[in-house]
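Our numbering applies: residue 2 is where the sequence shown begins, and numbers increase by one. Some notes on the structure that comes next.
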Amino acid sequence: MSKKIILEGITSADLVSQLAKSVKELLTNKETTPTEQTPEFWTRQQTADFLSVSLVTLFNWNKKGILKTYRVGTKVFYRKSDVLECLKKSK
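Written out as C-alpha cells, the structure is:
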C-alpha cells in the first residue's frame, strides 16, 4: 500500500529548489563544523601485526627512538598516526 502526499500552494520546481537549498546548507554546515578526533592507539600486538614484526623488534625500535610508546600503568600503546608516519619516513 503506497501513501500519497499532496502538497498545495507550491509548485514542483519550487519544492525541488527548496530541497536543494536545504541540502546545500546542511552540507556547508557539516564541512565547516570542526570535529574533534581523538588519536587512535594500538596495543603492542596490534602494532606488531600491522608492521609484520615481532614484539622484540617493537621493543628495540622503542629503545632506539624509532617509535614512541605511550603507557597507561603497565600497558604499552602506540599512536596510529606515529606508526603511519614512521612508515612514510622509512620509504
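All C-beta atoms in this analysis are idealised placements derived from N, C-alpha and C, irrespective of residue type, glycine included.
Contacting residues, own chain, Cβ-Cβ under 7 Å from LEU16 (five flanking each side not counted): Position 15 of the sequence shown, counting from 1, holds the residue named residue 16. The residues are LEU8.
Those residues which DSSP pairs with THR44 across a bridge: Along the sequence shown, one-based indexing puts residue 44 at 43. BP columns for THR44 point to PHE78.
Sheet register partners of VAL54 (DSSP bridge): For this step, residue 54 is matched to residue 53 along the sequence shown. In the DSSP output, where bridge partners are listed per residue, VAL54 has none listed.
Exposed unless 16 or more other CB atoms sit within 10 angstroms - verdict on TYR79: For the purposes of this step, residue 79 is taken as residue 78 along the sequence shown, with counting starting at 1. Under this definition TYR79 is a buried residue.
Nearest-angstrom Cα separation, counted from SER82 out to LEU1: Lying outside 2 to 92, the shown extent of the chain, residue 1 is not represented and no answer is given.
Rounded separation between ARG72 and ASN61 - CA only: As a working mapping, residue 72 is identified with position 71 in the sequence shown. As a working mapping, residue 61 is identified with position 60 in the sequence shown. Using only the alpha carbons, I get a separation of about 16 Å.
Inter-residue Cα distance where the pair is THR29 and THR75: To locate residue 29, count along the sequence shown from 1; it is residue 28. To locate residue 75, count along the sequence shown from 1; it is residue 74. So the two alpha carbons sit approximately 45 Å from each other.
Nearest candidate by alpha-carbon position, reference LEU52, set GLY10, LEU85, PHE42: The residue you call residue 52 lines up with position 51 of the sequence shown. The residue with the shortest Cα to Cα distance from LEU52 is LEU85.
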